[in-house]
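All remarks here apply to the structure that follows.
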Amino acid sequence: MILAHLRKALLRELAAWAAEQGLSAPEEALINPVPPHVPADLSLPYPMQAAKALKRKPLEVATELAARLKDLRSPEVDFPLLESAEPAPPGFINLRLSEQALVWNLAMALGRPADGDSPYGFDPDAPKRAINLEFVSANPTGPVHVASARAATLGDSLSRILRRRGHGVRTEYYVNDVGRQVELLGRSLHARFAELKGKPSEFPEDGYHGEYIKALAAEAPPEAEGWGPPEFSRFGVERMLTAHRRDLEELFLVRFDRWFRESELHDAKALDRTLEKLRKLGRVYEKEGAVWLGSSDTEAGDDKDRVLVRADGRPTYFLSDIAYHEDKLARGFKELIDIWGADHHGYVPRMRAAIEALGHPPGTFHAIIHQLVHLFRGKEAVKMSKRAGEFVTLRELVEEAGLDACRFFFALRSPNAHMNFDIELAKKQSQENPVYYVQYVHARIHSIFREAEKHSLRTSPGSHKEPTARALLVKLAWFPEALRNCERELSPHPLASYLMELSGLFHPFYEQCRVVDTHAIETSGSRLNLCAGVARIIADGLSLLGVSAPEKM
RNA sequence: GCGCCCGUAGCUCAAAGGAUAGAGUAGCGGUCUUCGGAACCGCUGGUGCAGGUUCGAUUCCUGCCGGGCGCACCA
Numbered sequence: 001m002i003l004a005h006l007r008k009a010l011l012r013e014l015a016a017w018a019a020e021q022g023l024s025a026p027e028e029a030l031i032n033p034v035p036p037h038v039p040a041d042l043s044l045p046y047p048m049q050a051a052k053a054l055k056r057k058p059l060e061v062a063t064e065l066a067a068r069l070k071d072l073r074s075p076e077v078d079f080p081l082l083e084s085a086e087p088a089p090p091g092f093i094n095l096r097l098s099e100q101a102l103v104w105n106l107a108m109a110l111g112r113p114a115d116g117d118s119p120y121g122f123d124p125d126a127p128k129r130a131i132n133l134e135f136v137s138a139n140p141t142g143p144v145h146v147a148s149a150r151a152a153t154l155g156d157s158l159s160r161i162l163r164r165r166g167h168g169v170r171t172e173y174y175v176n177d178v179g180r181q182v183e184l185l186g187r188s189l190h191a192r193f194a195e196l197k198g199k200p201s202e203f204p205e206d207g208y209h210g211e212y213i214k215a216l217a218a219e220a221p222p223e224a225e226g227w228g229p230p231e232f233s234r235f236g237v238e239r240m241l242t243a244h245r246r247d248l249e250e251l252f253l254v255r256f257d258r259w260f261r262e263s264e265l266h267d268a269k270a271l272d273r274t275l276e277k278l279r280k281l282g283r284v285y286e287k288e289g290a291v292w293l294g295s296s297d298t299e300a301g302d303d304k305d306r307v308l309v310r311a312d313g314r315p316t317y318f319l320s321d322i323a324y325h326e327d328k329l330a331r332g333f334k335e336l337i338d339i340w341g342a343d344h345h346g347y348v349p350r351m352r353a354a355i356e357a358l359g360h361p362p363g364t365f366h367a368i369i370h371q372l373v374h375l376f377r378g379k380e381a382v383k384m385s386k387r388a389g390e391f392v393t394l395r396e397l398v399e400e401a402g403l404d405a406c407r408f409f410f411a412l413r414s415p416n417a418h419m420n421f422d423i424e425l426a427k428k429q430s431q432e433n434p435v436y437y438v439q440y441v442h443a444r445i446h447s448i449f450r451e452a453e454k455h456s457l458r459t460s461p462g463s464h465k466e467p468t469a470r471a472l473l474v475k476l477a478w479f480p481e482a483l484r485n486c487e488r489e490l491s492p493h494p495l496a497s498y499l500m501e502l503s504g505l506f507h508p509f510y511e512q513c514r515v516v517d518t519h520a521i522e523t524s525g526s527r528l529n530l531c532a533g534v535a536r537i538i539a540d541g542l543s544l545l546g547v548s549a550p551e552k553m
């Protein structure tokens with residue numbers, strides 16, 4: 001929060017200075033954390049950029065600018081923001097926050113989000129976005145696979161963070177409840193059911209072979225004797241969907257605001273309407289009996305045109321997908337963000353092309369592509385095939401490794417990171433998961449609170465001189481910035497990394513600064529206050545990641 | 001063959017073009033009569049290769065090497 005004010009104040013000052021120099025104003029005042037050897041809180045690299053444009057010496061520019069920044073103030077607060085602003089080679093300005101600024105920021109961090117409309121981390125200046133975030137959307141033809149854990153973590157954590165930032169976000173799960181895969185599910189169940197009844201059956205060639213199919217067939221009601229594959233399809237989809245909801249929402253704590261069924265589109269004739277709209281816009285043509293979208297003729301960069309309606313008259317999956325996205329936009333969303341595995345990345349340009357062809361502004365559609373998780377058991381790669389039934393379920397992993405360990409583990413990784421995930425290690429050595437490192441600090445602080453309670457010591461605002469305490473205060477100020485980075489990167493991993501760093505700073509403080517001390521009530525009070533801030537941010541940050549913050553471990 | 005992603009410490013990963021590349025974990029050596037040893041402190045260990053752009057490159061560009069994933073009138 002204080003850093004947002006600082007950035008704004010810096011930007012004003014830099015813009016004024018730039019105008020005097022005949023430069024265009026910088027778009028943003030970029031501030032960076034400093035490396036350990038630098039005795040400051042933050043650094044401003046702007047002088048080096050300005051020096052280039054002005055063809056002047058960077059350090060000279062930094063010196064000139066630093067002098068102007070010393071007494072920097074913000075209209076939102078009534079104290080000076082900085083204690084010092086010093087030029088440093090090759091052309092940084094190193095900033096040290098004022099004590100008032102740090103104390104004020106701690107108070108903001110400790111404010112109760114539930115009470116106000118401006119919780120810590122909320123960004124009043126950011127333009128509000130209306131986002132539909134779709135993720136997982138696994139076919140209801142089998143249990144939720146471990147491979148979905150990454151997308152589920154990404155989507156759920158990101159949606160929580162974006163909401164905290166003040167955006168309107170609705171999460172959505174698209175259910176492919178019609179089509180070939182679902183038919184195959186019905187035929188597989190039909191065959192397994194017949195087997196159970198000792199009747200002759202023909203198991204479909206590409207059918208689903210997993211044991212769960214047999215188990216599911218065994219659960220079919222008595223009247224299933226008279227069912228054909230379509231009835232088994234319906235039965236199977238409903239059962240699978242129920243299991244998906246249970247695994248994702250109850251087990252993995254991933255919430256979807258809407259479970260949208262493809263069949264809803266067919267019922268509403270949405271495919272016809274979308275096709276008609278594209279036709280009117282002149283974006284489709286017929287060739288060789290099929291209807292094509294002129295997707296290569298767009299800015300989206302699709303390399304070829306795509307079939308919407310096959311020569312036999314059946315619509316492609318692509319068309320229903322377009323209709324689905326059109327439906328989301330009709331519901332008022334301005335941005336559609338889909339989270340897809342890297343195995344679908346080739347689908348991005350055509351989807352973008354379709355959105356463009358429908359006349360929506362560029363940037364309406366965005367795909368977050370996450371790299372696939374390669375599963376191992378020890379050294380051995382796990383092949384995953386739903387049809388062969390060889391896979392590890394999400395439930396299996398969570399029940400063995402623990403929810404917190406799983407969610408934090410995936411949250412730490414950038415979507416672009418290719419990762420090898422050793423299931424044995426995850427199950428066996430869950431103690432090594434960094435999440436415990438973070439949770440431990442939270443539990444430790446609450447232990448301090450319990451100790452303070454015994455001596456009737458209470459938190460009180462106050463300043464902090466010790467370097468370890470000051471480092472914590474500065475780190476607390478970075479929390480909103482971490483959330484901002486999450487929004488920019490469209491990933492929760494900057495927050496997870498931040499929590500690791502914050503936690504790492506607590507222990508040195510703990511070792512050097514005795515908190516509970518009945519001979520120093522005032523110091524105890526201000527240190528308890530700092531502890532409260534750290535605990536609050538850890539609990540808050542972990543909750544944004546869907547991870548618990550236990551008071552005892 | 002073309003396209004997208006990646007290659008960073010033994011392992012799993014960070015790092016808005018910024019300073020001496022950070023964490024966790026593993027390894028080695030220390031720290032236990034006070035708030036939690038699931039801890040702390042110290043040491044060891046580094047950007048695949050070759051060029052280029054830049055005051056400055058893990059980051060951008062080119063080429064190479066290695067890996068993952070795509071390239072349907074499948075979903």
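Per this note's numbering, the very first residue in the first sequence carries number 1; after that it's consecutive.
C-beta atoms are modelled at their ideal positions from N, C-alpha and C, and glycine is treated no differently.
Handout entry: Residue from P87, P90, P80 and G91 with nearest C-alpha to V103
Key = For the purposes of this step, residue 103 is identified with residue 103 of the first sequence, where counting begins at 1. Checking every option, the nearest Cα to that of V103 belongs to P80.
Practice task
For the alpha helix (DSSP H) holding H244, just list the boundary residues, first then last.
Solution key: Here residue 244 is taken as the residue at index 244 of the first sequence, counted from 1. Looking at the DSSP string, the run of the alpha helix (DSSP H) that includes H244 is P229 to R245.
Exercise for the section: Return the chain-ordered list of same chain residues with a C-beta closer than 6 Å to the C-beta of A426, the five sequence neighbours on each side being excluded. Expected result: By one-based count along the first sequence, residue 426 stands at place 426. If we look at A426 and ignore the five residues flanking it on each side, its Cβ neighbours are A401.
Exercise for the section: Just grab the DSSP bridge partners of P578 for me. Expected result: Given a span of 1 to 553 for the chain in the structure shown, any question on residue 578 remains unanswerable.
Handout entry: Rounded straight-line distance, which links the Cα of F408 to that of H507
Key = Walking along the first sequence from the start, residue 507 turns up at place 507. Walking along the first sequence from the start, residue 408 turns up at place 408. Going by the C-alpha atoms only, they are around 21 Å apart.
Problem - Exposure label - P550; buried when at least 16 CB within 10 Å - result: Along the first sequence, read from residue 1 onward, the residue named residue 550 stands at position 550. Exposed, by the Cβ-count rule.
Problem - Bridge partner(s) assigned by DSSP for S97 - result: What you label residue 97 is simply residue 97 of the first sequence in a count that begins at 1. Note on identity: in this sequence residue 97 is Leu, with Ser being the wrong assignment. In DSSP, L97 forms a bridge with L82.
Problem - Residue environment, I521, which counts as buried when at least 16 other CB atoms sit within 10 Å - result: Translated into positions along the first sequence, residue 521 becomes position 521. When all chains shown are included, I521 counts as exposed.
Problem - Neighbourhood of P230 by C-beta, 7 Å cutoff - its chain only, sequence neighbours within 5 removed - result: Here residue 230 refers to the residue found at position 230 when the first sequence is read from its first residue. Result list for P230: G186, in chain order.
Exercise for the section: Express the C-alpha separation of S148 and L397 in angstroms, rounding to a whole number. Expected result: Taking the first residue of the first sequence as position 1, residue 397 is located at position 397. Taking the first residue of the first sequence as position 1, residue 148 is located at position 148. Computed Cα separation, rounded: 12 Å.
Practice task
Check the DSSP bridge columns for E380 and list the partner residues they point to.
Solution key: Counting from one through the first sequence, the residue named residue 380 turns up at place 380. Note: E380 sits in a beta bridge opposite R377.
Handout entry: D338 versus E451 - alpha carbon distance
Key = Translated into the one-based positions of the first sequence, residue 338 becomes position 338. Translated into the one-based positions of the first sequence, residue 451 becomes position 451. Roughly 48 Å between the two C-alpha positions.
Exercise for the section: Look at H446 and A535 and say whether their C-beta atoms are less than 8 Å apart. Expected result: As a position in the first sequence, residue 446 is number 446, starting the count at 1. As a position in the first sequence, residue 535 is number 535, starting the count at 1. Yes; because the gap between Cβ atoms is below 8 Å, this pair is in contact.
Exercise for the section: Kindly give me the distance between the Cβ atoms of N420 and H374, rounded to whole angstroms, as I take these residues to be in contact under 8 Å. Expected result: The residue given as residue 420 occupies position 420 in the first sequence. The residue given as residue 374 occupies position 374 in the first sequence. Yes, they are in contact, since the Cβ atoms of N420 and H374 sit about 5 Å apart, within 8 Å.
Handout entry: Distance between P119 and G541 (C-alpha atoms, nearest Å)
Key = Taking the first residue of the first sequence as position 1, residue 541 is located at position 541. Taking the first residue of the first sequence as position 1, residue 119 is located at position 119. Looking at the two C-alpha atoms, the distance is approximately 13 Å.
Exercise for the section: Identify the continuous beta strand (DSSP E) that holds I131 and give its terminal residues. Expected result: Reading the first sequence from its first residue, position 131 is the one you call residue 131. It spans A130 to E134 - the beta strand (DSSP E) in which I131 sits, taken as one unbroken run.
Problem - Coarse secondary structure for N416, derived from DSSP in three states - result: The sequence position of residue 416 within the first sequence is 416, counting from 1. Three-state result, N416: coil.
Handout entry: Opposing strand residues paired with F421 [DSSP bridges]
Key = In the first sequence, counting from the first residue as 1, residue 421 sits at position 421. For F421, which the question treats as bridged, DSSP gives the partners L375.
Problem - Segment limits, alpha helix (DSSP H) that includes R68 - result: As a position in the first sequence, residue 68 is number 68, starting the count at 1. That run of the alpha helix (DSSP H) goes P58 to L69.
Exercise for the section: Could you say which of L251, P36 and A50 lies nearest to A25 if we only look at CA atoms? Expected result: For the purposes of this step, residue 25 is identified with residue 25 of the first sequence, where counting begins at 1. The shortest C-alpha separation from A25 is found at A50.
Handout entry: Close Cβ partners of A556 (< 7 Å) along its chain, the five nearest in sequence each way excluded
Key = As shown, the chain starts at 1 and ends at 553. That puts residue 556 outside it, with no answer to give.
Practice task
Could you tell me whether the region 157-177 touches the region 258-266, where touching means 3 or more Cβ pairs closer than 8 Å?
Solution key: yes
Practice task
List the endpoints of the continuous beta strand (DSSP E) containing E172.
Solution key: As a position in the first sequence, residue 172 is number 172, starting the count at 1. From DSSP, the beta strand (DSSP E) with E172 extends over G168 to V175.
Problem - Residue burial classification, K328 (beta-carbon count within 10 angstroms, cutoff 16) - result: Residue mapping note: residue 328 aligns to position 328 of the first sequence, counting from 1. Buried: at least 16 other Cβ atoms inside 10 Å.
Problem - Whole-angstrom distance between S74 and Q512, CA atom to CA atom - result: Position 512 of the first sequence, counted from the first residue, corresponds to residue 512. Position 74 of the first sequence, counted from the first residue, corresponds to residue 74. Cα to Cα, Q512 sits roughly 34 Å from S74.
Problem - Alpha carbon of N105 to alpha carbon of C486, nearest angstrom - result: Numbered from its first residue, the first sequence carries residue 105 at position 105. Numbered from its first residue, the first sequence carries residue 486 at position 486. Between N105 and C486, the C-alpha separation is close to 21 Å.
Problem - P113 to S137 span [Cα, whole Å] - result: Here the question's residue 113 lines up with position 113 in the first sequence. Here the question's residue 137 lines up with position 137 in the first sequence. Confidence in P113 is poor, its pLDDT being 49 and thus under 50, which makes the residue's placement too unreliable to answer from.
Handout entry: Straight-line gap, V435 to S43 (C-alpha atoms, nearest Å)
Key = Along the first sequence, one-based indexing puts residue 435 at 435. Along the first sequence, one-based indexing puts residue 43 at 43. Going from the Cα of V435 to the Cα of S43 covers about 30 Å.
Handout entry: Residue ranges of each alpha helix (DSSP H) within the region 241-291, 4 or longer
Key = 262-267 and 270-280
Exercise for the section: Let me know the secondary structure DSSP gives N32 once reduced to three states. Expected result: Position 32 of the first sequence, counting from 1, holds the residue named residue 32. Note: N32 maps to strand in three-state DSSP.
Exercise for the section: May I ask you to verify whether the region 247-261 touches the region 165-173, counting CB pairs closer than 8 Å and requiring at least 3? Expected result: yes
Practice task
Can you check DSSP and say which residues form a bridge with P339?
Solution key: As a working mapping, residue 339 is identified with position 339 in the first sequence. Here the sequence assigns Ile to residue 339, which means Pro is not the residue at that position. DSSP output for I339 lists I368 as bridge partner(s).
Handout entry: K334 versus S543 - alpha carbon distance
Key = Residue 334 sits at position 334 when you count from the first residue of the first sequence. Residue 543 sits at position 543 when you count from the first residue of the first sequence. Cα to Cα, K334 sits roughly 27 Å from S543.
Exercise for the section: Look at the alpha carbon of P461 and the alpha carbon of G111, and state the distance between them as a whole number of angstroms. Expected result: As a working mapping, residue 461 is identified with position 461 in the first sequence. As a working mapping, residue 111 is identified with position 111 in the first sequence. Rounded to whole angstroms, P461 to G111 spans 13 Å at the Cα level.
Practice task
Measure the CB-CB distance between L253 and G533 and report whether it falls below 8 Å.
Solution key: Position 253 of the first sequence, counted from the start, is the residue given in the question as residue 253. Position 533 of the first sequence, counted from the start, is the residue given in the question as residue 533. Result no, Cβ atoms of L253 and G533 do not sit closer than 8 Å.
Exercise for the section: Could you say which of G378, I537, A367 and R192 lies nearest to Q439 if we only look at CA atoms? Expected result: Taking the first sequence and counting its residues from 1, one reaches residue 439 at position 439. Closest option to Q439, Cα to Cα, is I537.
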